[in-house]
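> The sequence shown runs contiguously to residue 426 in our numbering.
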Amino acid sequence: MRKRVLGRTGLEISEIGVGAWQLGGPLVLNGKADGHPDPGREHVISLIRQCGEMGLNFIDTAEQYGAGESERRVGEALKGQRDRWVISTKFGALVGPRGERVDDASAKRVALSLEGSLRRLGTDRIDVYLYHVTPDRKQADAVAKFLESARHKGQVRAVGISTNDLEQVRMLHELGCCDVVEYERNMLRPEEGLTAYLREHNIGGVVRGALAAGRLSGKYFRRPPELSAEDIRSTWFAGQDVGKEFRRYAVFGGLVRPGRTMVQVALRYLLDDPATHTVVLGAKSIDEYRDAVAATELSPLTEGERRTIAELRRRLREGPALKRMLKRLVGRKG
Numbered sequence: 093m094r095k096r097v098l099g100r101t102g103l104e105i106s107e108i109g110v111g112a113w114q115l116g117g118p119l120v121l122n123g124k125a126d127g128h129p130d131p132g133r134e135h136v137i138s139l140i141r142q143c144g145e146m147g148l149n150f151i152d153t154a155e156q157y158g159a160g161e162s163e164r165r166v167g168e169a170l171k172g173q174r175d176r177w178v179i180s181t182k183f184g185a186l187v188g189p190r191g192e193r194v195d196d197a198s199a200k201r202v203a204l205s206l207e208g209s210l211r212r213l214g215t216d217r218i219d220v221y222l223y224h225v226t227p228d229r230k231q232a233d234a235v236a237k238f239l240e241s242a243r244h245k246g247q248v249r250a251v252g253i254s255t256n257d258l259e260q261v262r263m264l265h266e267l268g269c270c271d272v273v274e275y276e277r278n279m280l281r282p283e284e285g286l287t288a289y290l291r292e293h294n295i296g297g298v299v300r301g302a303l304a305a306g307r308l309s310g311k312y313f314r315r316p317p318e319l320s321a322e323d324i325r326s327t328w329f330a331g332q333d334v335g336k337e338f339r340r341y342a343v344f345g346g347l348v349r350p351g352r353t354m355v356q357v358a359l360r361y362l363l364d365d366p367a368t369h370t371v372v373l374g375a376k377s378i379d380e381y382r383d384a385v386a387a388t389e390l391s392p393l394t395e396g397e398r399r400t401i402a403e404l405r406r407r408l409r410e411g412p413a414l415k416r417m418l419k420r421l422v423g424r425k426g
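1. How many Å lie between R409 and A236 at the Cα?
2. Give the list of continuous beta strand (DSSP E) stretches no shorter than 3 residues that lie fully inside the stretch 196-253.
3. Whose C-beta lies closer than 6 Å to the C-beta of L98 among residues of the same chain, with five residues either side of it excluded?
4. Please determine, among G132, G123, H224 and K124, the residue with the shortest C-alpha to C-alpha distance to Q156.
5. Buried or exposed: where does T101 fall if 16 or more other Cβ atoms within 10 Å of its Cβ makes it buried?
6. Find out if the Cβ-Cβ distance for the pair I108, V371 is shorter than 8 Å.
7. So what's T181 in DSSP terms, helix, strand or just coil?
8. With 16 as the cutoff for other CB atoms within 10 Å, does H244 come out buried or exposed?
9. Tell me, to the nearest whole angstrom, how far the beta carbon of A197 is from that of G208; I am working on the premise that it is less than 8 Å.
10. Less than 6 Å between C-beta atoms, sequence neighbours within five positions excluded: which residues of the same chain meet that for C143?
11. Our contact map puts V348 next to G310 with C-beta atoms below 8 Å; I'd like the distance itself, whole angstroms only.
12. Mapping the DSSP letters down to three states, classify V272 as helix, strand or coil.
13. Assuming contact is defined by CB atoms lying nearer than 8 Å, are R249 and L103 in contact in what I supplied?
14. In three-state DSSP terms, what is I151?
15. Short of 7 Å in beta carbon distance, which residues of its chain neighbour R212, apart from the five on each side in sequence? Order them along the chain.
16. Given 8 Å as the limit, is there contact between the stretch 382-400 and the stretch 314-332, that is, 3 or more CB pairs closer than that?
17. Within its chain, find whatever has a CB closer than 6 Å to the CB of G426; leave out the 5 residues flanking it on each side and keep chain order.
18. Where do the ends of the alpha helix (DSSP H) carrying S391 lie?
19. Excluding the five sequence neighbours on either side, which residues of its own chain have a C-beta within less than 6 Å of the C-beta of R193, listed in chain order?
20. Suppose contacts are defined by Cβ-Cβ distances below 8 Å. Is M93 in contact with V299 by that definition?
21. Return helix, strand or coil for V343, following the three-state DSSP convention.
22. Roughly how many angstroms separate the alpha carbons of R190 and L148, rounded to a whole number?
23. Taking the straight line between their C-alpha atoms, what separation do you get for M417 and L258?
24. Contact between the stretch 350-368 and the stretch 321-329: three or more CB pairs below 8 Å?
25. Excluding sequence positions up to five away, which residues of its chain have a Cβ less than 7 Å from the Cβ of T226?
26. How far does the beta strand (DSSP E) with L359 in it reach, from first residue to last?
27. From D271 to K124, what does the alpha carbon distance come to, in whole angstroms?
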């Protein structure tokens, strides 16, 4: 497994990382599903260890995932091999005592969050510690000082934020506490402005959402996914024709070649950018990780293929916009 240096942190991480949101089991916030069906604790522990055997060494979790269960499972999986892994977790998004969603990234709260994450992960240090919510500007200076103190104590090695908001990244960078940004990026959402900023300032880039909630996996080009009530995606696509939504992206199927799956095309698109230091997947099976790892060995996409992707993305965006415009015009005529 090839590795890249995570920006200016000095941490060497695998090009494919393990996402542990889906591995933490069901999560209900404010009475609504906000997680995924439980793949089972023993399965998760085994899966993480098998990923490690393949050379993956970056894993991403959060105190909110599974209401702490994700961190506990990660900690159990990494027992006896902690030094082989780079652990990323997040603070600020919490599960309240009555199952309510709580956003609290205050200086007082982050100290408690760090203590809790260290305990659940069974470690004395967190390699990458990220904001999971929008920073409170009034609290940001105090949080930055706390994180710097935690860094000096050896409790954290690098800090940053999980967001696609460039202004939040700029603010934290100016405060000196933005070594790493985790953000959603894929063939449908290139995020060129944010990526350019990370590249300019040598900020570590952890990419999530590479398959756009399964739209770019290729699995659902013909048949839509079956989503259970406890799967958060059932709320994302509520009121939509799920089959129609997923079939729209079958236009990318023309990029598949013998020996190159749709998943691998989507990953190669991201890995071709040196600002992508790792792509975190939410896979639940070792076969899915094997498919992803194989993408790291493939040749880069050609310029022609990247132009094709940009053109298909433009058409997909313009299609719904055109339909909305026509609908408005018909309404006016009526």
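Cβ coordinates follow ideal geometry from the N, Cα and C atoms, glycine included. The structure displayed is predicted, hence computed values, not measured ones.
Based on what the coordinates show:
1. In a straight line, the C-alpha of R409 is about 39 Å away from that of A236.
2. Runs of the beta strand (DSSP E) inside the stretch 196-253: 218-223.
3. In the same chain as L98, and ignoring 5 residues on each side of it, the C-beta atoms closer than 6 Å to its own belong to I105, G296 and H369, in chain order.
4. In terms of Cα proximity to Q156, the closest of G132, G123, H224 and K124 is H224.
5. So T101 counts as buried.
6. Result yes, Cβ atoms of I108 and V371 sit closer than 8 Å.
7. Here T181 sits in strand by DSSP.
8. So H244 ends up on the exposed side.
9. With 8 Å as the limit, A197 and G208 do not qualify as a contact, their Cβ atoms being about 14 Å apart.
10. The beta carbon of C143 sits closer than 6 Å to the beta carbons of V110 and Y381 from its chain, once the five residues preceding and following it are set aside; these are given in chain order.
11. The pair is a contact, with the Cβ atoms about 7 Å apart (cut-off 8 Å).
12. V272 carries a strand assignment under DSSP once its states are collapsed to helix, strand and coil.
13. Yes, the pair counts as a contact, with Cβ atoms nearer than the cut-off.
14. Strand, per DSSP.
15. Excluding sequence neighbours, R212 sits near G160, E163, R164 and G167.
16. Three or more Cβ pairs closer than 8 Å define a contact, and the stretch 382-400 falls short of that threshold against the stretch 314-332.
17. Unreliable positioning characterises G426 in this predicted model, as indicated by a pLDDT of 45, which lies under 50. The coordinate reading is nonetheless provided below. For G426, there are no CB contacts under 6 Å within the same chain when 5 residues up- and downstream are skipped.
18. In the DSSP assignment, S391 falls outside any alpha helix (DSSP H), carrying neither H nor E.
19. If we look at R193 and ignore the five residues flanking it on each side, its Cβ neighbours are L121 and N122.
20. Judged by their CB atoms, M93 and V299 are not nearer to each other than the 8 Å cut-off.
21. In the structure shown, the three-state DSSP call for V343 is helix.
22. CA-to-CA, the gap between R190 and L148 works out to about 37 Å.
23. A caution first: M417 carries a pLDDT of 46, below 50, which makes its placement in the model unreliable, though a value can still be read off. Computed Cα separation, rounded: 30 Å.
24. The stretch 350-368 vs the stretch 321-329: no contact.
25. Hits under 7 Å: Q260.
26. Per DSSP, L359 is not a residue of any beta strand (DSSP E); the alpha helix (DSSP H) it occupies stretches across M354 to L363.
27. Going by C-alpha positions, D271 is about 33 Å away from K124.
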